[in-house]
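Report on the structure given below.
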Amino acid sequence: MKKSKGSPSLPAAASEERASSAAVSGWPTPPSPRIAVAIMAAGKGTRLKSQLPKVLHEAGGKPLLEHVIGAAVRVVPAHDVYAIIGHEADRVRAAIGHTGVNFVLQAEQRGTGHALMVAREDLAGYDHVIVLSGDAPMITPETIGHLRNFHLEEEAAMTLLSADLEDPTGYGRVLRKSARSAEVEAIVEEKSASAAQKKVREINSGFYVFAVKELYASIGKLSTENAHAEYYLTDMAAVLSKARQRVVAFKTANAREVLGGNTREELADIDHFMRMSKCRQLMADGVTIFYPATCVIDAEVEIAPDTIVEPYVQLLGKTRIGTACRVRSYSVIRDSKIGDGVIIRTGCVMEESRVSAGAVIGPYSHLRPGSEIGEGAHVGNFVETKKIKLGKGSKANHLTYLGDAEIGAGVNIGAGTITCNYDGFHKHKTVIDDGVFIGSDSTLVAPVRVGKGAYVGAASCITDDVPQDSLAIGRARQVVKEGWARQKRTARKAK
């Protein structure tokens, strides 16, 4: 028999139905259960052999913990999520603070059970707590939601998420009271399992839901009599069962999503799976990706249909790419926005930049943060830009550096041009108005302005403003000394 726990344990649909009936009958609306999420993120991850906290190692372009938080906040609000941190706590807090979740410090890491002991004061006001692993980034909000609903429907004190693995070696086995029963008789660790129990493929994932009142009424009964002298949440199944509380298991159909990244090899496997899944999703949405296994595309990248991504491309962060673009091999693009019909040729590097429709970039261009490339503009071979605006149809095709500049429409920047934006102490701005022609190998010493329609002669050093429709030449007059080279060679031979 299920233990009756009253209206707070109703699943969402049932709670809404009862609330509707109560409103019609005039009875008070029963409260919905208050649910928190606690994420285990205090561990060091010794098998990774790293100074970086385990949960800050990346897969799919984001820290492991950030993936788990992303799934959690689609089930409960961020203010109801508690990341329990310990090892390198300040570093974790700094990296994840932008998510808006709460942090609980487990200063001394004495196991998962101890983590919830430390969080007792923070969780005391909730009816139920969902416990997630900060190193298992493939968990989905759908599975978290199903686990929560199952826990509420079963009116359980503890619900664990289980999965069937082809090779369950190393995992604790879930032993049910019967094949068809949701109730758990015991969780047996690998080293304690009998030969028959080791054949059980259903494993405990380390994800749980607890009724908070029952959890904290019994958590003090956990023991540290184990190889690591730690308090394990796994043992709560036996503690609660002994107290005649209901312990059940919900099995996920997708065993992969409960797997954690405990070694570099496991992290690589997770990363590969995430990125291949991302490629499949993009291709299903109309994007062509040649040889997806060679591409690195982060989880939050968006690409519109009919864009082509060639082999060995990296699209990182929150990059957005429009329709009918082509990104050629060996380009690396991070946190940039690219309009429709843009061609990105081989070997370009782009960071925090914007490229408007119809522009052509590369090959081997470097767009540094703050670069804004206008519609139909060209940025070509070995051109570097930083914090500039390049106007519609303007071109900088060869061997050029453009930094801290505002460049109008229809401008031609000759090969080897440099905007000298730094005086050793401060950055200064160069302004080039519409229709200007800058001759090759020119240096524009900022702050300086070249007026509309003006010309700058090749190899000029421009230190003063150039008026509209003028020609500026800033170089020494050529001097030719006939016979000088012959005389030099003769003098050298005489020695």
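According to UniProt numbering, the sequence shown is numbered sequentially starting from 1.
A virtual CB, placed ideally from N, CA and C, is assigned to each residue, including glycine.
**OP:** Label residue 137 either buried or exposed according to how many other C-beta atoms from any shown protein chain fall within 10 Å of its C-beta, with 16 as the threshold for buried.
**Re:** By one-based count along the sequence shown, residue 137 stands at place 137. Buried: at least 16 other Cβ atoms inside 10 Å.
Original post:
Of the choices 100, 259, 37 and 215, whose alpha-carbon is the least far from that of residue 502?
Top reply: Residue 502 is absent from the structure shown; the chain starts at 1 and stops at 495.
**OP:** Given a cut-off of 7 Å, decide if residue 252 and residue 209 are closer than it, judged by their beta-carbon atoms.
**Re:** As a working note, residue 209 is residue 209 in the sequence shown. As a working note, residue 252 is residue 252 in the sequence shown. The Cβ atoms of residue 209 and residue 252 lie no closer than 7 Å to each other.
Original post:
By how many angstroms is the C-alpha of residue 379 removed from the C-alpha of residue 172?
Top reply: The count along the sequence shown starts at 1 and reaches residue 172 at position 172. The count along the sequence shown starts at 1 and reaches residue 379 at position 379. A straight-line Cα-Cα distance of about 58 Å links residue 172 and residue 379.
Original post:
If you draw a straight line from the C-alpha of residue 84 to the C-alpha of residue 358, how long is it?
Top reply: Here residue 84 is taken as the residue at index 84 of the sequence shown, counted from 1. Here residue 358 is taken as the residue at index 358 of the sequence shown, counted from 1. The alpha-carbon atoms of residue 84 and residue 358 are separated by roughly 48 Å.
Original post:
How big is the Cα-Cα spacing for residue 329 and residue 73?
Top reply: Here residue 329 refers to the residue found at position 329 of the sequence shown. Here residue 73 refers to the residue found at position 73 of the sequence shown. Distance between the alpha carbons of residue 329 and residue 73: 36 Å.
Subject >> Residue range of the unbroken alpha helix (DSSP H) whose run includes residue 279 >> reply: Here residue 279 refers to the residue found at position 279 when the sequence shown is read from its first residue. 264 to 284 is the extent of the alpha helix (DSSP H) around residue 279.
**OP:** Kindly list the residues whose CB is nearer than 6 Å to the CB of residue 388, restricted to its own chain and excluding five residues on each side of it in sequence; keep chain order.
**Re:** Here the question's residue 388 lines up with position 388 in the sequence shown. Within the same chain, residue 388 has close Cβ partners 371, 402 and 405.
**OP:** Can you say whether residue 365 is buried or exposed, counting buried as having 16 or more other CB atoms within 10 angstroms of its CB?
**Re:** Position 365 of the sequence shown, counted from the start, is the residue given in the question as residue 365. A residue is called buried once 16 or more other Cβ atoms fall within 10 Å of its Cβ, and residue 365 is buried on that count.
**OP:** Inspect the beta-carbon positions of residue 63 and residue 127 and report whether they are closer than 7 Å.
**Re:** Position 63 of the sequence shown, counted from the start, is the residue given in the question as residue 63. Position 127 of the sequence shown, counted from the start, is the residue given in the question as residue 127. No, Cβ-Cβ distance for residue 63 and residue 127 is not below 7 Å.
**OP:** Only counting runs of 3 or more residues, tell me where the beta strand (DSSP E) segments fall wholly within the UniProt domain "MobA-like NTP transferase" (38 to 182), in order along the chain.
**Re:** Listed in chain order, the beta strand (DSSP E) runs fully inside the UniProt domain "MobA-like NTP transferase" (38 to 182) are 81 to 85, 102 to 105, 128 to 133, 158 to 164 and 173 to 176, counting runs of at least 3 residues.
Subject >> Supposed close pair residue 441, residue 454 - CB separation, criterion 8 Å >> reply: In the sequence shown, counting from the first residue as 1, residue 441 sits at position 441. In the sequence shown, counting from the first residue as 1, residue 454 sits at position 454. No, residue 441 and residue 454 are not in contact; Cβ-Cβ is about 17 Å, not under 8 Å.
**OP:** Using only alpha-carbon positions, find the residue among 439, 480 and 108 that is nearest to residue 462.
**Re:** Within the sequence shown, the letter at position 462 stands for residue 462. For residue 462, the closest C-alpha among the options 439, 480 and 108 is that of 439.
**OP:** Could you check which residue in 224, 266, 214 and 229 has the C-alpha nearest to that of residue 244?
**Re:** As a first step, residue 244 must be located in the sequence shown, where it is residue number 244. Between residue 244 and the set 224, 266, 214 and 229, the nearest pair of CA atoms involves 214.
Subject >> Residue from 184, 180, 170 and 262 with nearest C-alpha to residue 53 >> reply: Sequence index remark: in the sequence shown, residue 53 carries index 53 (1-based). The residue with the shortest Cα to Cα distance from residue 53 is 262.
Original post:
With DSSP run on the structure shown, which of helix, strand or coil describes residue 385?
Top reply: For this step, residue 385 is matched to residue 385 along the sequence shown. Look at residue 385 here: in three-state DSSP terms it is strand.
Original post:
How would you call residue 79, buried or exposed, if buried means at least 16 neighbouring beta carbons within 10 angstroms?
Top reply: Within the sequence shown, residue 79 is the residue found at index 79, counting from 1. Burial call: exposed.
**OP:** Determine the extent of the alpha helix (DSSP H) in which residue 405 is found, giving its start and end residues.
**Re:** Translated into the one-based positions of the sequence shown, residue 405 becomes position 405. Following the DSSP letters along the chain, one finds residue 405 in no alpha helix (DSSP H) but inside the beta strand (DSSP E) bounded by residues 401 to 407.
Original post:
With a CB to CB cut of under 6 Å and the five nearest residues on each side skipped, what residues in its chain are close to residue 384?
Top reply: Here the question's residue 384 lines up with position 384 in the sequence shown. So the list reads 366 and 401, once near-sequence residues are dropped.
Subject >> Reference residue 515, options 48, 98, 49 and 43, closest by Cα >> reply: No statement about residue 515 is possible, as the shown extent of the chain runs from 1 to 495 and does not include it.
Original post:
If you pair each beta-carbon of the stretch 119 to 126 with each one of the stretch 229 to 240, do three or more pairs fall below 8 Å?
Top reply: Segments in contact, no.
Original post:
Which runs of the beta strand (DSSP E), 3 residues or longer, sit entirely within the stretch 174 to 256?
Top reply: Counting whole runs of 3 or more residues, the stretch 174 to 256 contains the beta strand (DSSP E) stretches 184 to 188, 202 to 211 and 247 to 251.
Original post:
Is it a yes or a no for the stretch 279 to 299 touching the stretch 309 to 319, going by three-plus beta-carbon pairs under 8 Å?
Top reply: Put simply, the stretch 279 to 299 touches the stretch 309 to 319. At least three CB pairs are less than 8 Å apart.
Original post:
Can the beta-carbon of residue 65 be found less than 7 Å from the beta-carbon of residue 55?
Top reply: The residue you call residue 65 lines up with position 65 of the sequence shown. The residue you call residue 55 lines up with position 55 of the sequence shown. Yes, the pair counts as a contact, with Cβ atoms nearer than the cut-off.
Original post:
Could you give the residue range of the alpha helix (DSSP H) that holds residue 489?
Top reply: Position 489 of the sequence shown, counted from the first residue, corresponds to residue 489. Membership of residue 489 in the alpha helix (DSSP H) is indicated by the continuous run 484 to 494.
Original post:
Anyone know if the C-beta pair for residue 250 and residue 161 falls short of 7 Å?
Top reply: In the sequence shown, counting from the first residue as 1, residue 250 sits at position 250. In the sequence shown, counting from the first residue as 1, residue 161 sits at position 161. It is a contact, given that the beta carbons lie within the stated cut-off.
Original post:
How many Å lie between residue 86 and residue 31 at the Cα?
Top reply: As a first step, residue 86 is located in the sequence shown; it is residue number 86 there, counting from the start. As a first step, residue 31 is located in the sequence shown; it is residue number 31 there, counting from the start. Cα to Cα, the separation comes out at about 34 Å.
**OP:** Identify, in the order they occur along the chain, each residue of the same chain with its Cβ nearer than 6 Å to the Cβ of residue 290, setting aside the five sequence neighbours on each side.
**Re:** Start at 1 with the first residue of the sequence shown, and residue 290 comes out as number 290. Contacts found: 310 and 311.
Subject >> DSSP state of residue 23 mapped onto helix, strand, coil >> reply: Along the sequence shown, one-based indexing puts residue 23 at 23. At residue 23 the pLDDT is 45, less than 50, meaning the model places this residue with poor confidence and gives no usable figure here.
**OP:** Indicate the three-state DSSP secondary structure (helix, strand or coil) for residue 258 in the structure shown.
**Re:** Position 258 of the sequence shown, counted from the start, is the residue given in the question as residue 258. DSSP places residue 258 in the helix class (H, G or I) of the three-state scheme.
**OP:** Quick one: residues in its chain with C-beta nearer than 7 Å to the C-beta of residue 21, no 5 flanking neighbours on either side, listed in chain order?
**Re:** As a first step, residue 21 is located in the sequence shown; it is residue number 21 there, counting from the start. At residue 21, the pLDDT of 40 sits below 50, so the modelled position is not reliable; the number obtained from the coordinates is stated separately. In its own chain, leaving out the 5 sequence neighbours on each side, no residue places its CB closer than 7 Å to the CB of residue 21.
Subject >> Among 305, 435, 445 and 460, nearest to residue 452 - alpha-carbon criterion >> reply: What you label residue 452 is simply residue 452 of the sequence shown in a count that begins at 1. Ranked by Cα distance from residue 452, the first of 305, 435, 445 and 460 is 435.
Subject >> Beta-carbon proximity check, residue 373 vs residue 350, cutoff 7 Å >> reply: The residue labelled residue 373 in the question sits at position 373 within the sequence shown. The residue labelled residue 350 in the question sits at position 350 within the sequence shown. No. Outside cutoff.
Subject >> Exposed unless 16 or more other CB atoms sit within 10 angstroms - verdict on residue 46 >> reply: On the sequence shown, position 46 is the one that residue 46 refers to. Exposed, since its Cβ has fewer than 16 Cβ neighbours within 10 Å.
Subject >> Sequence-distant residues of its chain with Cβ nearer than 6 Å to residue 416 (five each side left out) >> reply: For the purposes of this step, residue 416 is taken as the residue at position 416 of the sequence shown. In the same chain as residue 416, and ignoring 5 residues on each side of it, the C-beta atoms closer than 6 Å to its own belong to 399, 440 and 441, in chain order.
**OP:** Could you check which residue in 41, 361, 90 and 132 has the C-alpha nearest to that of residue 75?
**Re:** Walking along the sequence shown from the start, residue 75 turns up at place 75. Minimum Cα distance to residue 75 is reached at 132.
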